[in-house]
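Engineer: Have a look at this one.
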Amino acid sequence: MPRLHEHNNFIFLLSGLLVVILLGPLVHAFSPMQLDTVTSISFVIMLLLGVWSIKGSRRALWLGAIMAVAGIISNMLAIKTGEVEYRILGLATLFLFLLQTIVLAARAVLAEKINRSNGILGAGCVYLLLGVLWALLYGLIEIAIPGSFNGVTLDHEGSHFNDLLYFSFVTLTTLGYGDITPAKDVARVFVYIEAIVGQFYLAVLVAGLVGSYLADKATRSQD
């Protein structure tokens, strides 16, 4: 494992995100349910490591750990019992955990002393976190108002998460294949909000990176 310092700390957070976005759905499709649970736990552990690497406060780390563990336990209970309340609690706690992670990551990215390449990684992490965050939000909406989305299917754990994760990133990038669509007004509101956030984030990110590059270039030319 590479030594942690301010020039590479976001690589840990990026690793945890890639597990859930890329490996998670693949393992879920070709593995038994027990391995899916292990994959989910591994993701949360790696994401916690990422939160720690951002060097937030110890209080924030412990709060994140409590929410993450509560989310895992609630999801496991939902799988075993089939109770909707456990699934709502699990999604809600993981949603708050990711929201906290986004705040910590954004603060670190906006820090004046951050390394440029690490800052780019951090900005990418925030973008990916937004996609996962909205997928959890869509899951809560679908549970609270069944039928909010057309085209989603339950997996063998009784969850829509993989479909909604795919739909979230398709919406965030405004790609819009149309195979999954919002059917209820509440879902539609949050869908277009995500599309707006995704486009504004990219515009601000690109503008910020270009501005930083031009400022550094001007400084070097003066020296």
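The sequence shown runs 3 to 225 under my numbering. Think of the CB as a built atom: it goes at the ideal place given N, C-alpha and C, for glycine as much as any other residue.
Can you give the Cα-Cα distance for L138 and Q201, rounded to whole angstroms?
Structural biologist: The residue given as residue 138 occupies position 136 in the sequence shown. The residue given as residue 201 occupies position 199 in the sequence shown. Their Cα atoms are separated by approximately 20 Å.
Engineer: Within 10 angstroms of the Cβ of I195, are there 16 or more other Cβ atoms? Answer buried if so, exposed if not.
Structural biologist: Within the sequence shown, the letter at position 193 stands for residue 195. Answer is exposed; the Cβ neighbour count stays below 16.
Engineer: So what's T1 in DSSP terms, helix, strand or just coil?
Structural biologist: The structure shown does not extend to residue 1, since the chain spans only 3 to 225, so no value can be given for it.
Engineer: Please report how far the alpha carbon of C127 lies from the alpha carbon of F12, in whole angstroms.
Structural biologist: As a working mapping, residue 127 is identified with position 125 in the sequence shown. As a working mapping, residue 12 is identified with position 10 in the sequence shown. Whole-angstrom Cα-Cα distance: 8 Å.
Engineer: Rounded to a whole number of angstroms, what is the C-alpha to C-alpha distance between Y129 and Y203?
Structural biologist: Start at 1 with the first residue of the sequence shown, and residue 129 comes out as number 127. Start at 1 with the first residue of the sequence shown, and residue 203 comes out as number 201. About 8 Å.
Engineer: Mind checking which residues open and close the alpha helix (DSSP H) that includes A1?
Structural biologist: Summary: the structure shown does not reach residue 1, with the chain confined to residues 3 through 225, and so no result is reported for it.
Engineer: Would you report the Cα separation of I90 and S119, rounded to the nearest angstrom?
Structural biologist: Mapped onto the sequence shown, residue 90 falls at position 88. Mapped onto the sequence shown, residue 119 falls at position 117. Spanning the two alpha carbons is a distance of roughly 38 Å.
Engineer: Taking 8 Å as the threshold (C-beta atoms), are T176 and A197 in contact?
Structural biologist: Here residue 197 corresponds to residue number 195 of the sequence shown, with the count starting at 1. Here residue 176 corresponds to residue number 174 of the sequence shown, with the count starting at 1. Yes.
Engineer: Measuring alpha carbon to alpha carbon, tell me which of R190, A94 and L112 ends up nearest G124.
Structural biologist: Position 122 of the sequence shown holds residue 124. The option with the nearest alpha carbon to G124 is L112.
Engineer: Taking Cβ to Cβ, would you say L100 is nearer than 8 Å to Y88?
Structural biologist: Residue mapping note: residue 100 aligns to position 98 of the sequence shown, counting from 1. Residue mapping note: residue 88 aligns to position 86 of the sequence shown, counting from 1. Not in contact: L100 and Y88 (Cβ atoms no closer than 8 Å).
Engineer: Can you tell me whether A146 is buried or exposed? The criterion is at least 16 other CB atoms within 10 Å of its CB, across all chains shown.
Structural biologist: Here residue 146 is taken as the residue at index 144 of the sequence shown, counted from 1. That one is exposed.
Engineer: DSSP state of T83, grouped into three classes?
Structural biologist: The count along the sequence shown starts at 1 and reaches residue 83 at position 81. It is helical.
Engineer: Taking the alpha carbon of A107 as the reference point, which residue from A94, G121, T95 and F97 has its own alpha carbon closest?
Structural biologist: Sequence index remark: in the sequence shown, residue 107 carries index 105 (1-based). Ranking A94, G121, T95 and F97 by Cα distance to A107 puts G121 first.
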